Amino acid sequence: MCPHCIDVECDNGSVCHRGLFAASSDVFSPLAAGPHSSTKKSSSLGQFESEHLFPHAALKLSGIGFNYQSEPTLSIPYVVHRAGQGGAGGGVTSTGSSSVASAWSSHLGTLARSDFPAALRLAVIDQLNAHYVNGNLSNAVAMQIIRVVNGHAGLGRLNAEQAGEINNMIADFYFRHSKG
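Okay, so the sequence shown: first residue is 12 according to the working numbering, each after it adds one.
Now the structure itself:
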């Protein structure tokens, strides 16, 4: 399966012509997913926002050592980050201090203390649902979320097998819910 287009027939860009096979550069810019300090530079108020799967409050509560600027993030449409469906989570409940946002942050942070992969899985599901409900679920979004999961694995918060299981869940969700 290609990590760029999530197509089982494509071998690392042999069909989609991304990655090593790209004509110029990879279709996913370094700013599409990566550390917050990088993705926030591509944010334009009203267009895109740098999204943490784990809200700041959840990271603090988890007891995991972190640097907020280095946390894995993705760039998402402003409307998904700020004005999504109430209670859908992800960009919806991770922003602000509503009772839903506070409860979600508390739940993720508490769970992450004992089982970070399970907490990340919930945050990923929440993020996917926010994009789906807002009509923004795409291959690019799925790939950004996979990159964020891999970023957490790179920080040692989950192993390769755990990251692979979550990434397979992302691909499955995308294929079951995508319009194309």
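From the three backbone atoms N, C-alpha and C, an ideal C-beta is built for every residue, glycine too.
Predicted, not measured: the structure shown is a model, and the values here were computed from it.
{"Item": "Does the count of Cβ pairs from the region 111–120 and the region 69–84 closer than 8 Å reach three?", "Value": "yes"}
{"Item": "Go through the region 108–139 residue by residue and report every complete run of the alpha helix (DSSP H) that reaches 4 residues or more, in order.", "Value": "110–125"}
{"Item": "Rank Ala174, His67 and Asn78 by C-alpha distance to the C-alpha of Val135 and give the top, closest one.", "Value": "Ala174"}
{"Item": "Please classify His142 as buried or exposed, where buried requires at least 16 neighbouring CB atoms within 10 angstroms.", "Value": "buried"}
{"Item": "When you compare only the Cα positions, how much space is there between Ala164 and Ser189?", "Value": "26 Å"}
{"Item": "Counting only the same chain and skipping the five closest in sequence on each side, list residues whose C-beta sits under 6 Å from that of Ala151.", "Value": "none"}
{"Item": "Measuring alpha carbon to alpha carbon, tell me which residue in Gly146, Asn78 and Tyr79 is nearest Ile87.", "Value": "Gly146"}
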